[in-house]
Amino acid sequence: MRECKVLGRVAALEPTSRRPSFSRSAVRDGRVSSRPMSSQQGQLSKQIDETVAAIRAKTKLAPRVGVVLGSGLGAFGDTLGDLVKVPYSALPHLPASNVPGHQGNLCLGKVGDVPVICMQGRVHLYEGHTVASVVHGVRTMARLGVQAVLLTNAAGGLEASWAPGDLMVVTDHLNLTGTSPLIGPNDPEVGPRFPDMTHAYDAGLRQVLTEVGAAAGIPLRAGVYAALLGPSYETPAEVKMLRLLGAQAVGMSTALEVIALRHMGVRVCALSCITNLAAGTTSAVLSHAEVEETARARKDDLVTLLSGWIARAGKS
Ligand code: HPA
30 MRECKVLGRV
40 AALEPTSRRP
50 SFSRSAVRDG
60 RVSSRPMSSQ
70 QGQLSKQIDE
80 TVAAIRAKTK
90 LAPRVGVVLG
100 SGLGAFGDTL
110 GDLVKVPYSA
120 LPHLPASNVP
130 GHQGNLCLGK
140 VGDVPVICMQ
150 GRVHLYEGHT
160 VASVVHGVRT
170 MARLGVQAVL
180 LTNAAGGLEA
190 SWAPGDLMVV
200 TDHLNLTGTS
210 PLIGPNDPEV
220 GPRFPDMTHA
230 YDAGLRQVLT
240 EVGAAAGIPL
250 RAGVYAALLG
260 PSYETPAEVK
270 MLRLLGAQAV
280 GMSTALEVIA
290 LRHMGVRVCA
300 LSCITNLAAG
310 TTSAVLSHAE
320 VEETARARKD
330 DLVTLLSGWI
340 ARAGKS
């Protein structure tokens, strides 16, 4: 726990009812009297610390790289060396996913000698979780010290010439979910009020993924990921709109997690498995079972890409 002894001393001088709370960075910088926070501020930081403490009670592994495994893509978590698996239900503030294909475990272990943490399944806004819950897992990874995170997802392809099973390196996103993990008072202990998103998807980490794909003979596409709330798939009219907006893939995750990670200064890379062509592109009716099946069929290539990426990203 990153407890602040100075804060304890300052607070002890005040009667409890009038005791202000201060950001820990303000205390460290000696700015304790100039910047009191509301009681809500600092709360987020505390919750992240609580999840981190619960994980550290189960393993001393200090992960350098994080991976989020999307719909039907969870198998990679079980390939880690010295695997320690912790169900989200055993950790504070991490809700379980109720979506088939999202197992709901944190997997900590190694790829070669790189210590890694994987979210085997994620929670989504459309399940009714708060946006804070949706990003709590990646915020926990960041507080555990990861330098880079690779997020995977299942997505619909917006390019008529693409095919189910194609893999796409995400170059940028359109956050069309209507929300952000950063709404409300900013906790400066977590990150800045107005984080820059110009280089949200790190060019160096993308290049690593492209090179790993090329070396393994796995073709990779590249494009913009549009994140929508879901859970209904898009109408053909919405799909047309997304093409006009410049997106190549559409899904119901990832963008909020990326915002939360960039807020905390973590480098990000994302990979979409195009599990279907988006609604109206063909006459096919979309189903989650098909999404999962197509994602699972790419398991071996996913394991190759993720392992290769981690081996290099973990050293940079
Ligand atoms: N739309 C939205 N999310 C998705 C899709 C889609 O077509 N396929 C997989 N996730």
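First residue of the sequence shown? That's 30 in our numbering, and the numbers climb one at a time after it. All C-beta atoms in this analysis are idealised placements derived from N, C-alpha and C, irrespective of residue type, glycine included.
Please state if the CB of residue j and the CB of residue i are separated by a distance shorter than 8 Å.
i	j	result
residue 168	residue 99	no
residue 122	residue 80	yes
residue 272	residue 187	yes
residue 203	residue 338	no
residue 103	residue 149	yes
residue 257	residue 205	yes
residue 75	residue 109	no
residue 127	residue 115	no
residue 92	residue 120	no
residue 340	residue 141	yes
residue 210	residue 285	yes
residue 343	residue 143	yes
Which residue wins for smallest C-alpha separation from residue i, given the options the options?
i	options	result
residue 14	228, 115, 215, 193	Since the displayed the chain opens at 30 and closes at 345, residue 14 lies outside it and no answer follows.
residue 248	90, 112, 96, 334	334
residue 229	341, 244, 179, 319	179
residue 201	101, 277, 317	277
residue 315	259, 322, 305	305
residue 199	340, 209, 91, 282	282
residue 243	330, 344, 318, 262	330
residue 82	326, 144, 174	174
residue 189	318, 343, 268	268
residue 226	191, 212, 288	288
residue 146	112, 132, 157, 156	112
residue 336	208, 240, 212, 88	240
residue 327	84, 181, 207	181
residue 313	270, 262, 207	262
residue 255	245, 270, 86	270
residue 321	132, 208, 87, 246	132
residue 332	318, 245, 212	245
residue 85	317, 170, 224	170
List the whole-angstrom C-beta distance separating residue i from residue j, where the pair is believed to meet the contact cut-off of C-beta under 8 Å.
i	j	result
residue 165	residue 219	With a Cβ gap of about 12 Å, residue 165 and residue 219 do not count as contacting.
residue 196	residue 302	6 Å
residue 185	residue 279	5 Å
residue 94	residue 177	5 Å
residue 77	residue 172	5 Å
residue 162	residue 124	5 Å
residue 183	residue 101	6 Å
residue 308	residue 265	5 Å
Say the cut is 7 Å; is the CB of residue i nearer than that to a heavy atom of ligand 1?
i	result
residue 188	no
residue 283	no
residue 295	no
residue 305	yes
residue 218	no
residue 263	yes
residue 183	yes
residue 315	yes
residue 279	yes
residue 259	yes
residue 199	no
residue 115	no
residue 320	yes
Is residue i close to ligand 3? I mean its beta-carbon at under 7 Å from any heavy atom of the ligand.
i	result
residue 206	The model on display carries ligand 1 but not ligand 3.
Any 3 or more C-beta pairs closer than 8 Å across the region 230 to 241 and the region 279 to 299: yes
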